[in-house]
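Colleague: First residue of the sequence shown? That's 30 in the numbering used here, and the numbers climb one at a time after it.
C-beta: ideal position from N, C-alpha, C; glycine also.
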Amino acid sequence: MSTMTLAGKRILMVIGGGIAAYKCLDLIRRLRERGASVTPVMTRAAEQFVTPLSVSALAGEEVHRDLFDLTKEAEMGHIQLSRVADLVLVVPATADLMAKMAGGHANDLATTLLMATDTPVMIAPAMNVRMWDHPATQRNLSVLRGDGVTVVGPNSGDMACGEFGPGRMSEPLEIVAAVETALGDGPLRGKRVLVTSGPTHEPIDPVRYIANRSSGAQGTAIAEALRDLGAEVVFVTGPADVARPSGVQVIEVQSARDMRAAVMTALPVDAGIFAAAVADWRVARESGSKIKKEAGKLPVLEFEENPDILREVSRLEVGRPALVVGFAAETDDVVAHATAKRARKGCDWIVANDVSPATGIMGGTENAVVLISEDGAETWPRAAKAEVARKLADRIAAALTSAT
Ligand code: CTP
């Protein structure tokens, strides 16, 4: 059963015109059962997808629809409407609404409220995958991020339009988790943190790849712990075994090069935590067709080096995160190797662990780490990965809040 985690919080919900608007009905219930009040605003297009009657019945409040409603202007002007809320939540944020927000339009009630508000704004984008990938939407997204808007999702998956990919609106409970984070009072509230996780897959041909044994468990636990302290988390993951964390922005990638591109797009962030087991090398010439077996002939693979994402981000002259944390998976001389790695990469901390098979750490549920910083090496007791993650998140919070 849910608890009253949002007791007394006031949410102004701007419902945009997309098929995902139907999820708002459930979202309103979920927010209210946690104690929040929801004041709904619908765009004209939204009314094509859900009726104002359903929305107001679930919200227990009348739906605001018109900019030029004189009686309402007398009772509560749209400026005031936008300011009494603790959070303005735009669900679904369509490509059109995002463009209007990024461009500062104010030609209906929803966009006028968004322009007039001085409260935090969160959007849950939903649109066709090509619209999401379109440079205009991506440009608008970074403008909105720069304006301080928090973005939840979108998820990847089957879409109502029959296509597959990113663009599907986050599920109601994921949005609730993001709202709880945004309105909570965790020490990382207002901070944006990037976490890389999982292995990478380096293709040999269309059916074969080179990978490693990383399960993504530690990176996932870190993303969850940072989220629980109130951070906005961007989670860039390779094809990991464990379930994706909820309430964070998940970006799925395959290869080291994809991961690098996703990381660079996610910047700027306050902290970058590089827990992924990125392949150091990729196959130099990926075959476009499946390599066939030929009697007496063995394929010879040549390798080339992958971009070192941690090193590149650590050494950025402009836009370097205030805190960069790398990981070191070693099998011997853990402290010596990890200390050298910290210097080589240029990161602030290295979380080093011994991944010799006898430790059972890689792919297991526990971790034993040594934290290497400019103050030296600190050995942490072996503990569940979730516990290690919480401890690390607390340290990150302490470092980020003392730096500002
Ligand atoms: N890393 C990265 N990009 C790479 C390789 C590694 O971002 N292409 C990051 C990992 O996420 C991790 C740290 O760097 O935080 C691990 O470095 P590692 O691969 O162990 O470093 P190497 O310099 O390759 O060291 P080694 O000689 O032990 O392989």
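Buried or exposed, going by whether 16 or more other CB atoms sit within 10 Å of the CB of Cys-44?
Modeller: Residue 44 sits at position 15 when you count from the first residue of the sequence shown. For the record, residue 44 in the displayed sequence is Ile; it is not Cys. Buried is the call here.
Colleague: If you measure between the beta carbons of Pro-183 and Met-160, is that distance less than 8 Å?
Modeller: Position 154 of the sequence shown, counting from 1, holds the residue named residue 183. Position 131 of the sequence shown, counting from 1, holds the residue named residue 160. Not closer than 8 Å, so no.
Colleague: Below 8 Å, can you find three or more Cβ-Cβ pairs linking the region 230 to 243 to the region 310 to 322?
Modeller: Enough Cβ pairs lie closer than 8 Å, so yes.
Colleague: My guess is that Ala-406 and Asn-396 are in contact by the Cβ rule of under 8 Å, so how many angstroms apart are they, rounded?
Modeller: Taking the sequence shown and counting its residues from 1, one reaches residue 406 at position 377. Taking the sequence shown and counting its residues from 1, one reaches residue 396 at position 367. Contact flag wrong, Cβ pair sits at about 16 Å.
Colleague: Looking at the unbroken alpha helix (DSSP H) that takes in Pro-81, where does it start and where does it end?
Modeller: Residue 81 sits at position 52 when you count from the first residue of the sequence shown. Segment 81 to 88, the alpha helix (DSSP H) holding Pro-81.
Colleague: Considering only DSSP beta bridges, list what Lys-326 is partnered with.
Modeller: Taking the first residue of the sequence shown as position 1, residue 326 is located at position 297. According to DSSP, which records beta bridges pairwise, Lys-326 is partnered with Glu-323.
Colleague: Skipping 5 residues on each side, what residues in its chain have a beta carbon closer than 8 Å to that of Ala-114?
Modeller: Taking the first residue of the sequence shown as 1, we reach residue 114 at position 85. Correct list, in chain order: Arg-39, Ile-40, Leu-41, Thr-68, Thr-146, Thr-148.
Colleague: With a threshold of 7 Å (Cβ to nearest heavy atom), would Thr-225 be considered close to the ligand CTP?
Modeller: If you number the sequence shown from 1, residue 225 lands on position 196. Yes.
Colleague: Under three-state DSSP, which class holds Val-158?
Modeller: Along the sequence shown, one-based indexing puts residue 158 at 129. Helix, per DSSP.
Colleague: Enumerated in chain order, which unbroken segments of the alpha helix (DSSP H) with a length of 4 residues or greater are wholly contained in the region 301 to 380?
Modeller: Correct list: 338 to 343, 363 to 374.
Colleague: Look at the alpha carbon of Val-180 and the alpha carbon of Lys-322, and state the distance between them as a whole number of angstroms.
Modeller: Mapped onto the sequence shown, residue 180 falls at position 151. Mapped onto the sequence shown, residue 322 falls at position 293. Their Cα atoms are separated by approximately 48 Å.
Colleague: In whole angstroms, what separates the C-alpha of Ala-272 from that of Thr-34?
Modeller: Working through the sequence shown from its first residue, we reach residue 272 at position 243. Working through the sequence shown from its first residue, we reach residue 34 at position 5. For Ala-272 and Thr-34, the distance between alpha carbons rounds to 24 Å.
Colleague: Look up Ser-185 in the DSSP assignment and give the residues it is bridged to.
Modeller: On the sequence shown, position 156 is the one that residue 185 refers to. Answer by DSSP bridge pairing, in chain order: Pro-195.
Colleague: Please list, in chain order, all residues of the same chain as Thr-408 whose beta carbon is under 7 Å from its beta carbon, the five residues on each side excluded.
Modeller: Taking the first residue of the sequence shown as 1, we reach residue 408 at position 379. Val-399.
Colleague: Applying the 10 Å Cβ sphere with the 16-neighbour rule, what's the burial state of Thr-140?
Modeller: Numbered from its first residue, the sequence shown carries residue 140 at position 111. Buried is the call here.
Colleague: Do you know how far the Cα of Leu-56 is from the Cα of Gln-77?
Modeller: As a working note, residue 77 is residue 48 in the sequence shown. As a working note, residue 56 is residue 27 in the sequence shown. When rounded, the distance between both Cα atoms is 18 Å.
Colleague: Which first and last residues belong to the alpha helix (DSSP H) in which Thr-68 is found?
Modeller: The count along the sequence shown starts at 1 and reaches residue 68 at position 39. It is not in any alpha helix (DSSP H) - Thr-68 instead sits in the beta strand (DSSP E) that spans 66 to 71.
Colleague: Say yes only if the C-beta of Asp-362 is nearer than 7 Å to one or more non-hydrogen atoms of the ligand CTP, and no if none qualify.
Modeller: In the sequence shown, residue 362 corresponds to position 333, counting from 1. False, no ligand heavy atom lies under 7 Å from that Cβ.
Colleague: The ligand CTP and Asn-382: does any heavy atom of the ligand fall closer than 7 Å to the residue's C-beta?
Modeller: Along the sequence shown, one-based indexing puts residue 382 at 353. Checking every heavy atom of the ligand CTP against the Cβ of Asn-382, none is found closer than 7 Å.
Colleague: Should the region 271 to 290 be called in touch with the region 246 to 259, which here means at least 3 C-beta pairs below 8 Å?
Modeller: The answer is yes - the region 246 to 259 touches the region 271 to 290, with three or more Cβ pairs under 8 Å.
Colleague: Would you mind working out which of Leu-60, Pro-350, Leu-352 sits nearest Leu-202, comparing C-alpha positions?
Modeller: Numbered from its first residue, the sequence shown carries residue 202 at position 173. Of Leu-60, Pro-350, Leu-352, the residue nearest in Cα terms is Leu-60.
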